[in-house]
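To keep things clear, I will list the structure first and then write my remarks on it.
Protein chains: 2
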Amino acid sequence: MAEKILAQEKNVYSLGPIIHNKNEVERLAKAGLKTVEKIDQIESGTVIIRSHGAAPEQIRKLKEKKLNVADATCVLVKRVQRIAGQLERNGYKVVIIGEENHPEVQAVVGCGKDVIVVADEADLGKLPKNGKLGIVCQTTQSPEHFGKMLGIIGRCSFSELKVINTLCQEAIKRQESAVQLCKQVDIMFVLGGLDSANTRRLAELCKKYNNETFYLQNWKELDIKTIFSKNIAGVTAGASTPDWIIAEFVENLEAFGR
Amino acid sequence: MAEKILAQEKNVYSLGPIIHNKNEVERLAKAGLKTVEKIDQIESGTVIIRSHGAAPEQIRKLKEKKLNVADATCVLVKRVQRIAGQLERNGYKVVIIGEENHPEVQAVVGCGKDVIVVADEADLGKLPKNGKLGIVCQTTQSPEHFGKMLGIIGRCSFSELKVINTLCQEAIKRQESAVQLCKQVDIMFVLGGLDSANTRRLAELCKKYNNETFYLQNWKELDIKTIFSKNIAGVTAGASTPDWIIAEFVENLEAFGR
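Protein sequence lines correspond, in order, to chains A and B.
With my numbering, the residue at position 1 of the first sequence is -10, and numbering never jumps.
With my numbering, the residue at position 21 of the second sequence is 10, and numbering never jumps.
Listed below in structure tokens is the structure:
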């Protein structure tokens, strides 16, 4: 979507980095995409809402400023936002299990008056006692972590929990495939941006099962010594890792093997 | 309620043992209470529905036979039954976390068309994939176990969970007090019937924190050698343990101490 718009317009903005991948952000910056942190920095033109979404209040402000809004929010993220709003309207205290500072989580927080973010056990003190909680999850969390947190919340005092599974099934499949693959190889590479929540999750999972797991942004970051004496390498990548980074990595790895 | 009815009527029945306490059941049997397992065994008179409740179908049958029904179902158990029915009508697959053969659980099972009983991990295969589950809990389970099972269910595939906390807060308080007490004594006694779910839970919990925990039905079962050389004894009892059993035990224990 960004490429298409950039081919037609001059003033094209992304509210925050369009994707959690430095190399891809740089490539699109060269093609003319301007990344801004605040709406005040935009005077006119088109603003792309990245896949992680934006809070309704931000979109309202953009429209108020008569800016064109190109909404590239992931449909699954839109669903979390919609569900969070519905749960709040239905009298539930909304809880999102996820990383406080992740833009997806921040956008969901913006969909309610008082959404509680629970990253781990340390955040449980934020929950009301005997509450009626409406629980959703950052789309890229693992079912393991989601279940673990539900178990801990379930041990606390609550009157009702309404839990909507908002995990991305594609991310789960990717996690399962990565775990399967990493068990069969001598060395495992997880490619992707360091800010990418779903890539980080992949790396954490693979590291559990294969200690020779390396989380890299691209081929340049590889310390070639790590592949000496290894026979089989596995490669996986986050949802935000562009194909060209994966292709480049695999080609170089194969060339090295030959 | 049983005593009052027995003082006025001759044909008084209990559908299943009125309480999970052998001594109390024997005492009421001497006072005239007849315990039956099946409705066919009753021809006329009054039938007491015990605190664990009965399935709506059983109550319908009793009324069809023109029997008087004296409903002594615990209000909290009635609540679980009502919630299970509501959840099913609202399109949820009803799940009760509890012991399959416990009469309370059986009565709740009778409140829906297809209620799934989950006692532990081994029962998770009974759950539908990607289901919309309405989850309740046997009133006398511990928050620990309830949370643990929610955590395990949360790791599985599901689309939605609606969890209503149906734990008995009195039972939880009793568990907390018992745990606190057993940590401060040399020997701990848990008094109650061997079929009593809430008494068994107390005994399991105390055993965790004080290895010198003994689960007894009454004073007669005490092996006096166990209290030799002990300074402080703690005593707790299940909700179904009559006061006279507790009083007798404590009096004898105090007399022994003197």
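C-beta: ideal position from N, C-alpha, C; glycine also.
Cα-Cα separation, residue 89(A) to residue 163(A): It is roughly 23 Å from the alpha-carbon of residue 89(A) to the alpha-carbon of residue 163(A).
Bridge partners - residue 203(A), DSSP secondary structure assignment: The partner list for residue 203(A) (beta bridge, DSSP) reads 178(A).
Own chain partners of residue 171(B) with C-beta closer than 7 Å, once the 5 adjacent residues on each side are dropped: Correct list, in chain order: 177, 195, 198, 199, 202, 223.
Validate contact between the region 214 to 232 of chain B and the region 51 to 58 of chain B using beta carbons, cut 8 Å, 3 pairs: By the criterion of at least three beta-carbon pairs nearer than 8 Å, the region 214 to 232 of chain B is not in contact with the region 51 to 58 of chain B.
Reduced DSSP category for residue 57(A) - H, G, I as helix; E, B as strand; rest coil: Residue 57(A) falls in the strand class under three-state DSSP.
Element boundaries [beta strand (DSSP E), containing residue 2(A)]: That run of the beta strand (DSSP E) goes 1 to 4.
C-alpha gap between residue -5(A) and residue 20(A), whole angstroms: Cα to Cα, residue -5(A) sits roughly 7 Å from residue 20(A).
Simplified DSSP assignment, three categories, for residue 26(A): Of the three classes helix, strand and coil, the one that applies to residue 26(A) here is coil, per DSSP.
8 Å Cβ cutoff, residue 257(A) in contact with chain B: For residue 257(A) there is no data in the structure shown, the boundaries of chain A being -10 and 247.
Alpha-carbon spacing of residue 181(B) relative to residue 238(B), whole angstroms: Looking at the two C-alpha atoms, the distance is approximately 11 Å.
is_contact[residue 139(A), chain B] using C-beta, thresh 8 Å: At least one chain B Cβ lies under 8 Å of residue 139(A).
Boundaries of the alpha helix (DSSP H) in which residue 195(A) is found, first to last residue: In this chain, the alpha helix (DSSP H) harbouring residue 195(A) covers 186 to 198.
Those residues which DSSP pairs with residue 226(B) across a bridge: Within the DSSP bridge table, the entry for residue 226(B) names 180(B) as partners.
Supposed close pair residue 226(A), residue 235(A) - CB separation, criterion 8 Å: Correct: roughly 5 Å between the Cβ atoms.
DSSP state of residue 51(A) mapped onto helix, strand, coil: Looking at residue 51(A) - three-state DSSP - the assignment turns out to be helix.
Extent of the continuous beta strand (DSSP E) to which residue 120(B) belongs: Unbroken beta strand (DSSP E) run through residue 120(B): 120 to 126.
Rounded Cβ spacing between residue 117(A) and residue 151(A) (contact assumed at less than 8 Å): Between residue 151(A) and residue 117(A) the Cβ distance is about 15 Å, and since that is not below 8 Å, they are no contact.
Residue-chain proximity (residue 133(B), chain A), Cβ-Cβ < 8 Å: At least one C-beta of chain A is nearer than 8 Å to the C-beta of residue 133(B).
Through-space distance from residue 147(B) to residue 230(B), alpha-carbon basis: Each residue's alpha carbon lies about 40 Å from the other.
CB contact flag (residue 4(A), residue 59(A), <8 Å): If you check the CB distance, residue 4(A) and residue 59(A) do not come in under 8 Å.
Exposure of residue 243(A), with buried meaning 16 or more beta-carbon neighbours within 10 Å: The residue in question, residue 243(A), is exposed, as its Cβ has fewer than 16 Cβ neighbours within 10 Å.
Sheet register partners of residue 35(B) (DSSP bridge): Assignment of beta-bridge partners to residue 35(B) by DSSP yields 1(B), 57(B).
Cβ pair residue 157(B), residue 76(B) closer than 8 Å: No.
Residue of 108(B), 78(B), 103(B) minimising C-alpha distance to residue 86(B): Ranking the options by Cα distance to residue 86(B), first place goes to 108(B).
8 Å Cβ shell around residue -10(A) - same chain, five flanking residues per side excluded: Cβ neighbours of residue -10(A) beyond the five flanking positions: 37, 59, 61.
Whole runs of the beta strand (DSSP E) within the region 142 to 177 of chain A, excluding any shorter than 3 residues: Qualifying beta strand (DSSP E) stretches, in chain order: 147 to 153.
Contact set between the region 148 to 176 of chain A and chain B, restricted to residues whose Cβ is under 8 Å from the partner: Look at the region 148 to 176 of chain A: the residues with a C-beta under 8 Å from a C-beta of chain B are 148, 149, 150, 151, 152, 153, 154.
Cβ-Cβ distance between residue 127(A) and residue 91(A) below 8 Å: In this structure, residue 127(A) places its C-beta atom within 8 Å of the C-beta atom of residue 91(A).
Closest residue to residue 47(B) among 32(B), 154(B), 106(B), 28(B) (Cα-Cα distance): Residue 28(B) is the option with its Cα nearest to residue 47(B).
CB contact flag (residue 184(A), residue 9(A), <8 Å): Cβ distance < 8 Å, so residue 184(A) and residue 9(A) count as in contact.
Beta carbon of residue -8(A) nearer than 8 Å to that of residue 34(A): Remark: C-beta atoms of residue -8(A) and residue 34(A) do not approach each other more closely than 8 Å.
Bridge-paired residues (DSSP) for residue 86(B): Residue 86(B) pairs with 107(B), 126(B).
Where residue 135(B) falls, given that 16 or more other Cβ within 10 Å makes a residue buried: Result: buried.
Any chain A beta carbon closer than 8 Å to residue 144(B): Yes, its Cβ sits closer than 8 Å to a Cβ of chain A.
Residue environment, residue 247(B), which counts as buried when at least 16 other CB atoms sit within 10 Å: Flag for residue 247(B) reads exposed.
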